Amino acid sequence: MKLDVDVLRYLSKDDFRVLTAVEMGMRNHEIVPTELIDRIASLKHGGTYKVLKNLLKHKLLHHDSSKYDGFRLTYLGYDFLAIKTMVNRGVFAAVGRQIGVGKESDIFEVATEDGTVLAMKLHRLGRISFRAVKSKRDYLRHRSSYNWLYLSRLAALKEFAFMKALEEHGFPVPKAVDCNRHCVVMSLVQGYPLVQVKQLQNPETVFETIIGLVVHLAEHGLIHCDFNEFNIMIDDNEKVTMIDFPQMVSVSHRNAQMYFDRDVECIFKFFGKRFNLSFKEHTDENDGSDVDSDENGRPTFSSISKLAGFLDKELAASGFSRKDQDDIEKFIEGGIEKDRSSDTEGTEDEEHESKSSETIKRTLDSLHLLEKEENTSNFIEEGKVYENQQSCE
Ligand code: ADP
Ligand code: MG
């Protein structure tokens, strides 16, 4: 996505006031009536209308007059609110190039006042899922109280909370710096996603480290659920860092075993194919671990002694509640299944499109689709979206 942050510089205090008013209105309106925006922003002399035009021109808002005259935030508008808040807090001072287009996020480099480069992840929950709108339709019908603002904010909050907790427990993850709305700022990982790595000095060691992480996570009561070559970074010294946590679940989840086995299988498959590792040989050597392996060398979920309560206790303390976890799990679970099936069925064009950085238009298109599907105006739980959110003024 082209994130033209220069626009930020030209936006006035009034522009942000109106943008924030639309955000507030979206608590309980899919499309916020223009009149309500004017009332919330309360600019003098009908100033709101002029500002709305300007925000529309910069694609920070979308105008909709199908039911009544109103506006809603675009992803870009939401991005700007989060970025402005981060800049005001002194978290970073400049936004640089885009370094990643994830399944449901865009990742940018950002720089602090003293020149330190960090990574900013903007969550776009529902982006891929909307690609398979048809299969998603039934799903969304039952989830009328969620929208992308709410879900993307939850995803960011969850990612931030997990990153912090995992770091505190010694896992190799980026350092969590700050979180606002759908935006997470973290340390920049030096290195590349494993998927881009064609050769390793010590593939066996890297493999063991990675499988060790899956087991170690489970011992801490967690399953990554999307543990694969895209979410493992590796540097020139073959040091491993894991990323991407919004879909993690507890080992007490009803499908825990399946998610665990799937994570393990992804790693075995990848290392077998890319680095020609043969696993039976490997596991025949006794590595001294307490974890049993099956006849194919895979660690067995049932043999791992798990610490209970990690999720509930530590994450609740970080502001990510059990209810938040349930909400996001319901959505992402559907999403993961759909993504995986649409990945294998996807055409090359689709694949290419999902990797391109021209996501804004697609995102907006997706939202149109969603709005047609979602025939409700009261689709965010009252007071839920914004309770931890600070105004950017
Ligand atoms: P998604 O949830 O959308 O898959 P990820 O968190 O996996 O997003 O990030 C997508 C890509 O962005 C990664 O594959 C990686 O290349 C890059 N990336 C993400 N976080 C960082 C980071 N902290 N440092 C460097 N690159 C990162
Ligand atoms: Mg990822």
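Residue numbers (UniProt numbering): 1 to 393. Where a beta carbon is used, it is the ideal one built from N, C-alpha and C, also for glycine. Please read these numbers as outputs of a predicted model, since none were measured by experiment.
Using beta-carbon positions only, say whether residue i and residue j come within less than 8 Å of one another.
i: Asp244; j: Gly102; result: yes
i: His123; j: Glu109; result: no
i: Ala82; j: Glu113; result: no
i: Phe271; j: Asn296; result: no
i: Glu238; j: Val206; result: yes
i: His182; j: Tyr78; result: yes
i: residue 400; j: Leu222; result: Here the chain comprises residues numbered 1 to 393, so residue 400 is not present and cannot be evaluated.
i: residue 419; j: Val215; result: Shown here, the chain extends from 1 to 393; a query on residue 419 therefore has no answer.
i: Ala119; j: Gly96; result: no
i: Val197; j: Thr241; result: no
i: Ser318; j: Lys164; result: yes
i: Arg72; j: His58; result: no
i: residue 394; j: Asp324; result: For residue 394 there is no data in the structure shown, the boundaries of the chain being 1 and 393.
i: Gly25; j: Leu36; result: yes
i: Ile40; j: Leu151; result: no
i: Asn259; j: Cys225; result: Asn is not the amino acid found at residue 259; the sequence shown has Tyr there. Yes, the pair counts as a contact, with Cβ atoms nearer than the cut-off.
i: Leu125; j: Trp148; result: yes
What does the alpha-carbon distance come out to for the pair residue i and residue j?
i: Leu8; j: Ile304; result: 50 Å
i: Tyr10; j: Leu55; result: 11 Å
i: Gly212; j: Val195; result: 19 Å
i: Asn255; j: Leu60; result: 40 Å
i: Lys372; j: Phe331; result: Note that Lys372 scores 29 on pLDDT, short of 50, meaning its location in the model is unreliable and no value can be drawn from it.
i: Arg141; j: Ile31; result: Because Arg141 sits at a pLDDT of 42, beneath the cut-off of 50, its placement in the model cannot be relied upon, and the point is left open.
i: Asn28; j: Ile234; result: 43 Å
i: Glu204; j: Ile267; result: 12 Å
i: Phe80; j: Lys67; result: 27 Å
i: Ser65; j: Lys175; result: 44 Å
i: Ser42; j: Thr34; result: 12 Å
i: Leu307; j: His220; result: 5 Å
i: Phe162; j: Asn276; result: 33 Å
i: Phe301; j: Val18; result: 52 Å
i: Ser187; j: Asp15; result: 31 Å
i: Val5; j: Lys13; result: 16 Å
i: Leu200; j: Glu265; result: 20 Å
i: Val177; j: Leu157; result: 12 Å
i: Phe171; j: Val51; result: 47 Å
i: His169; j: Val22; result: 40 Å
i: Leu3; j: Gly70; result: 24 Å
i: Cys179; j: Met248; result: 18 Å
i: Val87; j: Lys44; result: 27 Å
i: Glu229; j: Lys273; result: 12 Å
i: Leu364; j: Lys53; result: For Leu364, the pLDDT reaches just 28, beneath the cut-off of 50, and the residue's location in the model is therefore unreliable, although a value from the coordinates is still provided. Going from the Cα of Leu364 to the Cα of Lys53 covers about 18 Å.
i: Thr209; j: Val173; result: 14 Å
i: Thr116; j: Asp106; result: 20 Å
Could you please give the first and the last residue of the uninterrupted beta strand (DSSP E) stretch that includes residue i?
i: Asp38; result: Taken as a continuous stretch (DSSP letters only), Asp38 belongs to no beta strand (DSSP E), being part of the alpha helix (DSSP H) at 34-41.
What is the residue span of the alpha helix (DSSP H) that residue i lies within?
i: Arg9; result: 6-10
i: Val264; result: 256-275
i: Met24; result: 13-25
i: Gly221; result: Note, Gly221: premise wrong, no alpha helix (DSSP H); not H, not E.
i: residue 396; result: One cannot answer for residue 396 here, as it falls past the ends of the chain, which runs 1 to 393.
i: Ile83; result: 75-89
i: Met248; result: Per DSSP, Met248 belongs to no alpha helix (DSSP H) and is neither H nor E.
i: Phe171; result: No alpha helix (DSSP H) contains Phe171, which DSSP labels as neither H nor E.
Pull the bridge partners of residue i from the DSSP assignment, please.
i: Ala94; result: Ala111
i: Thr241; result: Met233
i: Gly70; result: Pro33, Asp64
i: Tyr49; result: Looking at the DSSP assignment, Tyr49 forms no beta bridge with any residue, so it has no partner.
i: Val101; result: Asp106
i: Asp178; result: Val185
i: Pro193; result: Met233
i: Ser302; result: DSSP output for Ser302 lists no bridge partner at all.
i: Ser293; result: Pro299
Under 6 Å, CB to nearest heavy atom of ligand 1: contacting residues:
A residue is listed when its beta-carbon falls short of 6 Å from at least one non-hydrogen atom of ligand 1; in chain order these are Ile99, Gly100, Gly102, Lys103, Glu104, Ser105, Ile107, Ala119, Lys121, Pro174, Met186, Leu188, Val189, Pro193, Phe230, Asn231, Ile243, Asp244.
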